[in-house]
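Participant: Just passing along the structure, written as structure tokens.
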Amino acid sequence: MTFYDIIFYLFAAITLISALFVVSTRNIVYSAFYLLFTFFGVAGIYVLLGADFIAVVQIMVYVGGILILLLFGVMLTNKITNVEIRTGTVQLLPAAIGIGIFMGAVVAVMIWTEWKLEPAQIPLTTTKDIGHLLITDYVLIFELLGILLLIALIGAASIARRDQE
Amino acid sequence: MLQVGLTHFLIISAVLFSLGIYGIVTRKNAVMVLMGIELVLNAANINFVAFSKFGNFGLGGQVIALFVIVLAAAEAAIALAIVLNIYKTFSNVNVDEIDHLKE
Amino acid sequence: MSESLLINLSIIILFLPLLGFSIVVLLGKRFPKLYLLEVGILGIALLLSVALLLGKFTNYMTNDIVASFTWITMGNAPLVGSLNIELGIKIDNITAIMLVVVNLISFLVHVYSIEYMRGDKRYTRYFAYLGIFTFSMLGIVLTHNLLMMYIFWELVGVSSFLLIGFWFEKKSAADAAKKAFIVNRIGDIGMFIGILILFTHYKTFTFDLIFQQIADGNLPFGSDAWLTAAGILVFMGAVGKSAQFPLHVWLPDAMEGPTPVSALIHAATMVAAGVYLVVRIFVMLTADAMLVIAVVGAFTALVAATIALTQNDIKKVLAYSTVSQLGYMVMSLGVGAYAFAFFHLVTHAFFKACLFLGSGSVIHAMHHEQDIRNMGGLRKKMPITYYTFLVSTLAISGVPFFSGFLSKDGILAGTLAFGKLTGHWLIPLMAFTVAALTAFYMFRLVILTFHGKPKDHHKFEHAHESPFVMTAPLVLLAVLSIFIWYTPNPIAPDAGWFMKTWVKTPVQVTPLESRFNFMQPSREEAKVHGEVVHSVEYSEAIHWAHYPAMLLSLIVAGLGILIAFMFYQWKKLNADKLAVKLQLLYNFSLNKWYLDEAYDATAVHGTLGSSKMLAWFDNKIIDGIVNGSAWVTRFTSKLSGLFDTFVVDGLVNFSAFFSGFIGLSFKRLQTGKVQTYIVYVVFAVIFLLLFLKPF
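Chains as they are written, first to last, in this note's numbering: chain R, 25 to 189; chain A, 25 to 127; chain H, 53 to 747.
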């Protein structure tokens, strides 16, 4: 057990436990806060994978953007002490069993597949290289995403205020 | 087994994915369903980054992960706008009651 | 002017109308004055295309300018080989001339519409539609391959649909738009199959590459029957778009659209697209295909001319005359008089646009009265409209000193030569009959509309000459219908610059044995590379046919005009009595050969009937089976229920959990709830994983 491994298990535990709370707690606001920890945990895992830039983006966009957006969503649409947040569509136990089987299957695939491992040289800082990639190989996708974000912005605004005309 | 390698990250991602699906399936509130979706996207992202490191694909995986994050942001914005609209129409956001698609 | 400059110019010309369309469609509601921008853009496009024409003719009179790039590379597919789809532009003389014609008429129609459409509630959108139409038409003209041609072909169809149905509140207009679209589709299917035959074999859509390979003796699937089939099938597209028999029925109905639209689309440009298509593929037409085309064209011309004799709606008469003239052009291509067909396309575009715009002017003045029986005497009230209309009528009737005489005479000479060389004398016979009929019904139209005494005094009192923006296009178009623009010698079309230098009949690429004899290159000429056109035999025949054709056409045109005057001006003969006497023929013509009724009875009712039958089959048989199986299911489930209750009490506790689980998933498969669907997906993934067994 190297130091790297310990850190990994720490982040993995943070991620998975908080994710479990996200999907099981009854209070929607708690749920949102556990989601915060999940995102941090995932960011930590990114760092362990040598993806420092992605980790920072993860924190900035997910924590700074999406989570806040979700909290707004919660506050705008709920009385905070909401009574029932479980769905009536799917019962908890069958769902848990089904998802358990699913998880087992996927994990089994992950473990027993012979992955083609070729340790690559990930540079220490990836920001510059990602920047290069974005404006060379992936420039079309990059531009399209810019347009997509603009469309999403306009679309979200127009959907949200539709009935005020 | 304890030596951390690709498999470990993949298992984390698989579990996170399953938890996300569980959240999507069992939750009543549309916002919480969205949280489940975010978990699923994060799980996928972990896979991308992990393969990028262990599979010698260069930084492509990381770039794709970046794109996924951007898409997630766009999706969250649109989804919340829709949720707000649903709230205005039905005065709740319970996905199990909004089944007008059936008709 | 360098080649790249011309190419860039043509691309600008192509996209200018699209730009106008986008701006007007997006901002038209906010800024209703934007239609002026659209008109201005068309003006610029016109100027540029004139510049392009001059550049082409001064520097590149004999060579074509081609620019293309690879659009889609499908790599090296097994069995198929490499597939590259190219987009590109080809500018030859025909293209350059067509660009000017399309832009000129489009511009004039734009100007004309400013006044004609004033006050319409979708005023700006009308101009936007004109813009998209012009764009698509220019695309057809400029393209160098069949795929782009097909794309723009359909775009033209759509914009025509939009414009015919422009007043879609009127049921007849909406129906006419639908009819035009569907009838066109029938032709387009044929065209599509034809294109695919060529593409499957040659792996390219580009005209020149296909022709090159045919010339090298590489026939589609190794037989000239396929080449004939491809030619006829592609020609089917032209049958639809250029309103040839039997798909001509949409064009008269399309007159429900605004009159300037009729002038632009259904007289001068869009319907000419079909002829243009045949012009483009002319070199790959085998003798059999050409004969089919000639017969279809001649028959169309005859049918439409006989129908036009008895129509009473001013626009319907013009519509049928358009069909008839298009038949002329197609027939002309079929008999090998390539250059005259294109010449007639150009001259016809001008005088027919003038006629339509003139009729629009009359309709405008008469407050949307279209029945010529209620008109008359308008000559004094609307002098400019009258004289321009008269000039165009003289042109279409084939009177010397007007453009129509030149092109028509050429076509007639071509048919006569064709008859002499191949023995198909029926085609020239039909052609001359049509010439006489054309002169007759056009003068009937003029006399009933402008001469004589007014019949509807109320409307007549209010009639007035149209304003300047409407008469100016009329005058310009009428001026363009005079011979001097095309040739210095009013009786010899081939002496003029149009025929002599601008448009040359290209060399056929089809194998020698599947050409007409007279299309074979003559031996001496074959040695001179590049200038091989026709055998001596053909030029001799044309020469032989020239004067007889001219005399004959003068006689029949004069006869037609004379009879028209006898009937309607001097009243020496009574048309109504004749109609009674020839009741059967009269009704046959008035009801358009009962073609609409025939189609209604066969195609439309056939489709409806078969769908009704299918519905009955669904209702009775399929539903019966479903209900029966439901009953069986109910019965067995009742049985098993009994079995459950009375026999297997012990297992119930276990199965309750299981069946509850399954039941939840399957009982409400279609819940409309997203979450259930996700559950299905999860299960599907599980089973997929188990099935693939990667571990």
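Ideal placement from N, C-alpha and C gives every residue a C-beta, glycine not left out.
Check whether the Cβ of F735 of chain H lies closer than 9 Å to any Cβ atom in chain R.
Facilitator: It does: the Cβ of F735 of chain H has a partner Cβ on chain R nearer than 9 Å.
Participant: For the pair the region 313 to 323 of chain H and the region 208 to 218 of chain H, tell me if three or more CB-CB distances fall below 8 Å.
Facilitator: Yes, since at least three Cβ pairs between the region 313 to 323 of chain H and the region 208 to 218 of chain H fall closer than 8 Å, the two stretches touch.
Participant: For R575 of chain H, which of helix, strand or coil comes out of DSSP?
Facilitator: Note that R575 of chain H has pLDDT 49, beneath the 50 cutoff, so the model's placement of it is unreliable and the number below is only indicative. Here R575 of chain H sits in helix by DSSP.
Participant: Of the residues that make up the region 45 to 59 of chain A, which ones have a beta carbon closer than 7 Å to any beta carbon in chain H?
Facilitator: Here the close residues are I45, I48, V49.
Participant: Decide if R496 of chain H is buried, meaning its Cβ has at least 16 other Cβ atoms within 10 Å, or exposed.
Facilitator: Buried: at least 16 other Cβ atoms inside 10 Å.
Participant: Using DSSP bridges, identify the partner residues of A524 of chain H.
Facilitator: Answer is none; A524 of chain H lacks a bridge partner.
Participant: Counting pairs of beta carbons, one from the region 67 to 85 of chain A and one from the region 55 to 64 of chain R, are three or more of them closer than 8 Å?
Facilitator: The region 67 to 85 of chain A vs the region 55 to 64 of chain R: no contact.
Participant: How should A530 of chain H be labelled, buried or exposed, when 16 other C-beta atoms within 10 angstroms of its C-beta is the threshold for buried?
Facilitator: It counts as buried.
Participant: Please classify S182 of chain R as buried or exposed, where buried requires at least 16 neighbouring CB atoms within 10 angstroms.
Facilitator: Exposed.
Participant: Regarding F568 of chain H and the ligand NAD, is the C-beta to nearest heavy atom distance less than 8 Å?
Facilitator: The model depicted lacks the ligand NAD and carries no ligand whatsoever.
Participant: Anything in chain H within Cβ reach of R126 of chain R, meaning under 7 Å, just list it in chain order.
Facilitator: The sequence given here places Phe at residue 126 of chain R; Arg does not occur at that position. Within 7 Å Cβ-Cβ: V734, V737, I738.
Participant: Would you mind working out which of R:I90, R:I121, R:L100, R:L94 sits nearest A97 of chain A, comparing C-alpha positions?
Facilitator: Residue R:I90 is the option with its Cα nearest to A97 of chain A.
Participant: Output, in chain order, the set of chain A residues within a Cβ distance shorter than 8 Å of F5 of chain R.
Facilitator: As shown, chain R starts at 25 and ends at 189. That puts residue 5 of chain R outside it, with no answer to give.
Participant: Report yes if the CB atom of I448 of chain H is closer than 9 Å to the CB atom of F394 of chain H, and no otherwise.
Facilitator: Against a cut-off of 9 Å, the Cβ pair of F394 of chain H and I448 of chain H comes out as no contact.
Participant: Give a yes or no on contact between the region 75 to 87 of chain A and the region 72 to 92 of chain R, applying the rule of three or more CB pairs nearer than 8 Å.
Facilitator: Yes: the two stretches touch, three or more of their Cβ pairs being nearer than 8 Å.
Participant: In chain A, what lies closer than 8 Å to I730 of chain H by C-beta?
Facilitator: Simply I45, I48, V49.
Participant: Can you name the residues of chain H whose CB is closer than 7 Å to the CB of V64 of chain A?
Facilitator: Those within 7 Å of V64 of chain A in chain H number zero; the least Cβ separation is about 10 Å.
Participant: Compute the distance between the beta-carbons of S20 of chain H and T311 of chain H, then report whether it is under 9 Å.
Facilitator: No information on residue 20 of chain H is available, as it lies outside the stretch 53 to 747 that chain H covers here.
Participant: If contact means a Cβ-Cβ distance below 8 Å, which residues of the region 282 to 311 of chain H contact chain A?
Facilitator: Against chain A - using a Cβ distance shorter than 8 Å - the region 282 to 311 of chain H contributes no residues.
Participant: Within 10 angstroms of the Cβ of V161 of chain H, are there 16 or more other Cβ atoms? Answer buried if so, exposed if not.
Facilitator: When all chains shown are included, V161 of chain H counts as buried.
Participant: Under 7 Å Cβ-Cβ, which residues of chain R neighbour F713 of chain H?
Facilitator: Ordered by position in chain R, the residues that pass the 7 Å Cβ test against F713 of chain H are P118.
Participant: Can you list, in chain order, the stretches of the beta strand (DSSP E) that have 3 or more residues and sit fully within the region 253 to 298 of chain H?
Facilitator: As far as the region 253 to 298 of chain H is concerned, it has no whole beta strand (DSSP E) run of at least 3 residues.
Participant: Which one of H:H419, H:G72, H:L468 has the shortest CA to CA distance from A97 of chain H?
Facilitator: Checked all of H:H419, H:G72, H:L468; the closest Cα to A97 of chain H is H:G72.
Participant: Among H:S54, H:L135, H:V559, whose alpha-carbon lies nearest the alpha-carbon of T110 of chain H?
Facilitator: The candidate whose alpha carbon is nearest that of T110 of chain H is H:S54.
Participant: At the level of alpha carbons, what is the spacing between F45 of chain R and I88 of chain A?
Facilitator: Taking the straight line joining both Cα atoms gives about 28 Å.
Participant: Would the region 368 to 379 of chain H and the region 290 to 308 of chain H be scored as touching if the rule is three or more Cβ pairs under 8 Å?
Facilitator: Yes, since at least three Cβ pairs between the region 368 to 379 of chain H and the region 290 to 308 of chain H fall closer than 8 Å, the two stretches touch.
Participant: Examine chain H for any beta-carbon lying closer than 9 Å to the beta-carbon of G179 of chain R, and answer yes or no.
Facilitator: Not closer than 9 Å to any Cβ of chain H, the Cβ of G179 of chain R fails to qualify, so no.
Participant: Sorted by chain position, which residues of the same chain lie with C-beta nearer than 6 Å to V585 of chain H's C-beta, five sequence neighbours on each side aside?
Facilitator: The predicted model places V585 of chain H with a pLDDT of 48, which falls under 50 and marks its position as unreliable; any figure quoted below should be read in that light. Same-chain partners within the cutoff: T557.
Participant: Contact criterion: CB-CB distance below 9 Å. Does F64 of chain R meet it with respect to chain A?
Facilitator: F64 of chain R does not count as touching chain A.
Participant: Could you give the C-beta distance for G428 of chain H and H510 of chain H, rounded to a whole number, given that I count them as a contact under 8 Å?
Facilitator: With 8 Å as the limit, G428 of chain H and H510 of chain H do not qualify as a contact, their Cβ atoms being about 13 Å apart.
Participant: Using C-beta distances below 8 Å, list every residue in its chain close to F166 of chain R, excluding the 5 sequence neighbours before and after it, in chain order.
Facilitator: Cβ within range, chain order: L158, I159.
Participant: Is T142 of chain H helix, strand or coil when you go by DSSP?
Facilitator: Note that residue 142 of chain H is Lys in the sequence shown here, rather than Thr. Reduced to three states, the DSSP call for K142 of chain H is strand.
Participant: Indicate whether the contact test is met: 3 or more Cβ pairs, each with one atom in the region 226 to 241 of chain H and one in the region 283 to 297 of chain H, closer than 8 Å.
Facilitator: The region 226 to 241 of chain H is in contact with the region 283 to 297 of chain H.
Participant: Measure the CB-CB distance between L279 of chain H and P272 of chain H and report whether it falls below 9 Å.
Facilitator: In contact: L279 of chain H and P272 of chain H (Cβ atoms closer than 9 Å).
Participant: Assign W123 of chain H to one of three DSSP states: helix, strand, or coil.
Facilitator: The answer is strand: DSSP assigns W123 of chain H an E or B state.
Participant: How would you label E62 of chain A, buried or exposed, when you count the other beta carbons within 10 angstroms and need 16 or more for buried?
Facilitator: When all chains shown are included, E62 of chain A counts as buried.
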